[in-house]
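**Student:**
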Amino acid sequence: MKRRIFATTALPYANGSFHIGHIMEYIQADIWVRFQRMQGHEVHFVCADDAHGAPIMLKAEAEGIAPQELVARIGAERPKYLQGFHIAFDNWHTTDSPENVELSQDIYRKLKAAGLVYAKPVEQFYDPVKGMFLADRYLKGDCPRCGAKDQYGDACEACGSVYAPTDLKHPYSTLSGATPVLKTSEHYFFKLSDARCVEFLKKWISEPGRLQPQVANKAKEWLEGNGDKALGDWDISRDAPYFGIPIPDAPGKYFYVWLDAPIGYLASFKNYCAKQGIDFEQFLTDKNTEQVHFIGKDIIYFHTLFWPAMLHFAGKPYKDPDNIFVHGFINVSGEKMSKSRGTGIDPLRYLSLGMNPEWLRYYIAAKLNSSVEDLDFNPDDFLARVNSDLVGKYVNIASRCAAFVTRRFEGQLASELPRYFGVGIDPAGLIARLQIASPEIARLYETREYGKALRLIMDFADAANRYIDEARPWDVAKDSHRSEDLQKICTAGLKLFHILTLYLKPVLPALAERVERFLNVAPLSWNFGQDLLNHRINKYEHLLNRVEEKQLDALFEIEKEPAKVTSST
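First residue of the sequence shown? That's 353 in the numbering used here, and the numbers climb one at a time after it.
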């Protein structure tokens, strides 16, 4: 049955460039989307810049520009990354858009009408110089437990204590240095603790296959907490000045960025639908539509509690998410990303060094599975795995067969496979086993077990190379009486290469396109396409370079900052 899927990745915050964690998530989602399309399913893949909030407002203010100008500048960078790594979103939008204003205010009104929004006074620190209420990140002071200085407004890095901002001793604003004052303001809350929300979420979280087991267990823990850990209501408002979406009928109040950010998924899709002539509301309300989100493990709380509850109780045309696919973080050689320590990977630096983006796509895919565990980028392993798997195994099959076909047979493949003499590898049997593996490889892609899928594919690539080793076409070519055998042996090798390319296409889309041109076949889908028997191929051209150690050295090179010059006057 043909599926209808609306897929997204988490929205990157629009105050900085993409980092390798973004690229990892987008690659994971892009592989899954490409696989679904090869299966013949209808998939719409969108994302957007998360454009609102105090950090963007303050950064723009520091640069003397409007927040919209900052967001536009950051947004202009995105295509270099996305196109560079063959990440094919159908639409990229922004949460600072008319569509997001419309949908956010609509959802808010519907939640309010359902009795799930209320207002109450909240006491907060206020910066009298900046004229704004201060979030925890903009407050520092002495820890109320151990007395350590310059600790943030929610937790002490020295002793690990967690506290309320109002508990800080000698607090000060990190924005102006001023001593903050306590002021009371009316805030709006989403009543997540409402019995209706709790009952719905228990059922939604427990739906088999909706969430990974680790994620479902964590969501249940939050949902069933008590005492200090009891499920709380959600403060969804912020006071002016704030770069965000105004709350209807509440002058000077704006939606907290985390309310309108996930609605940005829908806003980007609505913008895309208008361009494509798709009925946005009809698509969402179609019972066959699947709504799927790829996110990192740091934002589970919002996506497994607030987001589904908001959508469910806002009602039609909105729908509950069908799946939240969560991944871990990416580290380098077991260490967290750090540019100063040389353990960071700058995606644009990677591309500027001429490193093939599909090396990284393959390596990340080979490390990914359906769990929430972190992924480790090890430079030595990267070099060995890419060179061994992609060059030494996969591409090697084509390079060992193609030249014989083009030089000796003008690109014409044989009309039948080599005869099997009962010893060694049966080429027809190996091709059949490779085709029979299709449902299992498809299952592994579907369940995001990419590492297992690629190991299975490479096992077949090994077998294909063993067959070529046994058949020894280079020796057969020396015997003028065995011309027909040579053509058949190489035809079998290229048939194996053809099927392996099909299985690798979600991971290596650009390489697959070059193979399609070389093999002179239509774009590969998950049905094996045309038979290569009695088929003419094009001249073979080099398909993939090896990773060089010097490229990795350059990738992790730390540029030394120039020495600071001091002078006295």
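Built from N, CA and C at the ideal position, the CB exists for glycine as well. The structure displayed is predicted, hence computed values, not measured ones.
Flag this pair as yes or no: are the beta carbons of I615 and S456 separated by less than 8 Å?
**Tutor:** Locating residue 615 in the sequence shown gives position 263, where the first residue counts as 1. Locating residue 456 in the sequence shown gives position 104, where the first residue counts as 1. Cβ atoms of I615 and S456: closer than 8 Å.
**Student:** Measuring alpha carbon to alpha carbon, tell me which residue in S751, D831, L786 and A466 is nearest Y892.
**Tutor:** On the sequence shown, position 540 is the one that residue 892 refers to. For Y892, the nearest C-alpha among the options comes from S751.
**Student:** So, E710 versus A862, is the Cβ gap smaller than 8 Å?
**Tutor:** Numbered from 1 along the sequence shown, position 358 holds the residue referred to as residue 710. Numbered from 1 along the sequence shown, position 510 holds the residue referred to as residue 862. Result yes, Cβ atoms of E710 and A862 sit closer than 8 Å.
**Student:** Taking the alpha helix (DSSP H) that P593 falls in, what are its first and last residues?
**Tutor:** For the purposes of this step, residue 593 is identified with residue 241 of the sequence shown, where counting begins at 1. First-last for P593: undefined, no H or E at that position.
**Student:** For H371 and V609, which I take to be in contact (beta-carbon distance under 8 Å), what is that distance rounded to the nearest angstrom?
**Tutor:** Here residue 371 is taken as the residue at index 19 of the sequence shown, counted from 1. Here residue 609 is taken as the residue at index 257 of the sequence shown, counted from 1. The pair is not a contact, with the Cβ atoms about 19 Å apart (cut-off 8 Å).
**Student:** Quick check: what's the CA-CA separation for A829 versus V385?
**Tutor:** Along the sequence shown, read from residue 1 onward, the residue named residue 829 stands at position 477. Along the sequence shown, read from residue 1 onward, the residue named residue 385 stands at position 33. Rounded to the nearest angstrom, the two C-alpha atoms are 43 Å apart.
**Student:** Compute the beta-carbon to beta-carbon distance between E798 and N721, rounded to the nearest angstrom, for a pair I have assumed lies under 8 Å.
**Tutor:** To locate residue 798, count along the sequence shown from 1; it is residue 446. To locate residue 721, count along the sequence shown from 1; it is residue 369. In fact, because the Cβ distance is near 13 Å, the residues do not count as touching under 8 Å.
**Student:** Measuring only the C-alpha atoms, how far is L543 from K472?
**Tutor:** Start at 1 with the first residue of the sequence shown, and residue 543 comes out as number 191. Start at 1 with the first residue of the sequence shown, and residue 472 comes out as number 120. The question names Leu, but residue 543 in the sequence shown is Lys. Taking the straight line joining both Cα atoms gives about 12 Å.
**Student:** What separation, rounded to the nearest whole angstrom, lies between the Cα atoms of H894 and A428?
**Tutor:** Counting from 1 along the sequence shown, the entry for residue 894 is found at position 542. Counting from 1 along the sequence shown, the entry for residue 428 is found at position 76. C-alpha separation (whole angstroms): 34 Å.
**Student:** For D672, I'd like the list of residues in its chain whose CB is within less than 8 Å of its CB, leaving aside the five on either flank, ordered along the chain.
**Tutor:** Residue mapping note: residue 672 aligns to position 320 of the sequence shown, counting from 1. If we look at D672 and ignore the five residues flanking it on each side, its Cβ neighbours are W556, Q643, P660, L663 and H664.
**Student:** Per DSSP, which one or two residues make a beta bridge with T518?
**Tutor:** Within the sequence shown, numbered from 1, the residue matching residue 518 stands at position 166. Answer is none; T518 lacks a bridge partner.
**Student:** Span of the alpha helix (DSSP H) holding H679?
**Tutor:** Indexing the sequence shown from 1 puts residue 679 at position 327. Counting along the chain, H679 falls outside any alpha helix (DSSP H), though it belongs to the beta strand (DSSP E) covering N675 to H679.
**Student:** Do L534 and K482 have their C-beta atoms within less than 8 Å of each other?
**Tutor:** The sequence position of residue 534 within the sequence shown is 182, counting from 1. The sequence position of residue 482 within the sequence shown is 130, counting from 1. No, the pair does not count as a contact, with Cβ atoms beyond the cut-off.
**Student:** So is T921 buried or exposed if we call it buried at 16+ other beta carbons inside 10 Å?
**Tutor:** What you label residue 921 is simply residue 569 of the sequence shown in a count that begins at 1. Confidence at T921 is low in this model, with a pLDDT of 29, below 50, so the placement of that residue should be treated as unreliable; the coordinate-derived value is given next. So T921 ends up on the exposed side.
**Student:** Should the stretch 547–564 be regarded as contacting the stretch 433–442, the criterion being three or more beta carbon pairs within less than 8 Å?
**Tutor:** Judged by Cβ distances under 8 Å, the stretch 547–564 makes no contact with the stretch 433–442, as fewer than three pairs qualify.
**Student:** Buried or exposed: which applies to E768, given that a residue is buried once 16 or more other Cβ atoms fall within 10 Å of its Cβ?
**Tutor:** Indexing the sequence shown from 1 puts residue 768 at position 416. Classification of E768: exposed, given that the 10 Å Cβ count is below 16.
**Student:** Give me, in chain order, the residues of the same chain whose beta-carbon lies closer than 6 Å to that of H539; leave out the 5 immediate sequence neighbours on both sides.
**Tutor:** Locating residue 539 in the sequence shown gives position 187, where the first residue counts as 1. Taken in chain order, the residues that qualify are V474, D587 and S589.
**Student:** Is W574 helix, strand or coil by DSSP?
**Tutor:** For this step, residue 574 is matched to residue 222 along the sequence shown. Residue state, collapsed to three classes: helix.
**Student:** Taking 8 Å as the cut-off, decide whether the C-beta atoms of F880 and Q787 are in contact.
**Tutor:** Looking up residue 880 in the sequence shown gives position 528. Looking up residue 787 in the sequence shown gives position 435. Yes, Cβ-Cβ distance for F880 and Q787 is below 8 Å.
**Student:** Let's see if you can read the secondary structure: which residues bound the alpha helix (DSSP H) around E415?
**Tutor:** What you label residue 415 is simply residue 63 of the sequence shown in a count that begins at 1. Note, E415: alpha helix (DSSP H), A406 to E415.
**Student:** Can you tell me whether T536 is helix, strand or coil according to DSSP?
**Tutor:** Translated into positions along the sequence shown, residue 536 becomes position 184. T536 falls in the strand class under three-state DSSP.
**Student:** Is the beta carbon of F477 closer than 8 Å to that of P431?
**Tutor:** Position 79 of the sequence shown, counted from the start, is the residue given in the question as residue 431. Position 125 of the sequence shown, counted from the start, is the residue given in the question as residue 477. Not closer than 8 Å, so no.
**Student:** List the whole-angstrom C-beta distance separating Y714 from L742, where the pair is believed to meet the contact cut-off of C-beta under 8 Å.
**Tutor:** Working through the sequence shown from its first residue, we reach residue 714 at position 362. Working through the sequence shown from its first residue, we reach residue 742 at position 390. At roughly 6 Å, the Cβ-Cβ gap stays under 8 Å, so Y714 and L742 are in contact.
**Student:** On a Cα-Cα basis, can you pick out the residue from H887, V859, R898 and L860 that is closest to N872?
**Tutor:** Against the sequence shown, residue 872 aligns to sequence position 520. Comparing Cα-Cα distances from N872 to each of H887, V859, R898 and L860, the minimum goes to H887.
**Student:** If distances are taken between C-alpha atoms only, which option among A500, D506 and K570 comes closest to M488?
**Tutor:** Counted from its first residue, the sequence shown places residue 488 at position 136. Note on residue identity: the sequence assigns Asp, not Met, to residue 488. Nearest C-alpha to D488: D506.
**Student:** Specify, as a first and last residue, the run of the beta strand (DSSP E) that A613 falls within.
**Tutor:** One-based indexing of the sequence shown puts residue 613 at position 261. Per DSSP, A613 belongs to no beta strand (DSSP E); it is in the alpha helix (DSSP H), V609 to Q628.
**Student:** Would the beta-carbon of F632 be found less than 7 Å away from any heavy atom of the ligand SAH?
**Tutor:** Although the ligand SAH was asked about, the structure shown includes no ligands whatsoever.
**Student:** K473 bridges to which residues according to DSSP?
**Tutor:** As a first step, residue 473 is located in the sequence shown; it is residue number 121 there, counting from the start. First, the amino acid is wrong: residue 473 is Pro here, not Lys. DSSP, once it has assigned bridges, lists E538 as partnering P473.
**Student:** Buried or exposed: F773, going by 16 or more other Cβ atoms within 10 Å of its Cβ?
**Tutor:** Locating residue 773 in the sequence shown gives position 421, where the first residue counts as 1. Exposed, since its Cβ has fewer than 16 Cβ neighbours within 10 Å.
**Student:** Could you pull out every residue in the same chain whose Cβ sits closer than 6 Å to the Cβ of R898, ignoring the five residues on either side in sequence?
**Tutor:** For the purposes of this step, residue 898 is taken as residue 546 along the sequence shown, with counting starting at 1. Excluding sequence neighbours, R898 sits near N739 and V743.
**Student:** Please confirm if the stretch 364–382 is in contact with the stretch 847–857, defined as three or more CB-CB distances below 8 Å between the two stretches.
**Tutor:** Segments in contact, no.
**Student:** G427 lies in the alpha helix (DSSP H); which residues open and close that run?
**Tutor:** Here residue 427 refers to the residue found at position 75 of the sequence shown. It spans P419 to G436 - the alpha helix (DSSP H) in which G427 sits, taken as one unbroken run.
**Student:** Can you have a look at Q388 and say buried or exposed, based on whether 16 or more other CB atoms are within 10 angstroms of its CB?
**Tutor:** As a first step, residue 388 must be located in the sequence shown, where it is residue number 36. By the 10 Å Cβ count, Q388 comes out buried.
**Student:** By alpha-carbon positions, which one of F756, I851 and F761 ends up nearest to A780?
**Tutor:** Residue 780 sits at position 428 when you count from the first residue of the sequence shown. Taking only the C-alpha atoms, the option nearest A780 is I851.
**Student:** At 4 residues or longer, and completely inside the stretch 867–919: list those alpha helix (DSSP H) runs for me, N to C.
**Tutor:** Complete alpha helix (DSSP H) runs here, min 4: 901–907.
**Student:** What did DSSP end up calling M353 once you bin it into helix, strand or coil?
**Tutor:** To locate residue 353, count along the sequence shown from 1; it is residue 1. Residue state, collapsed to three classes: coil.
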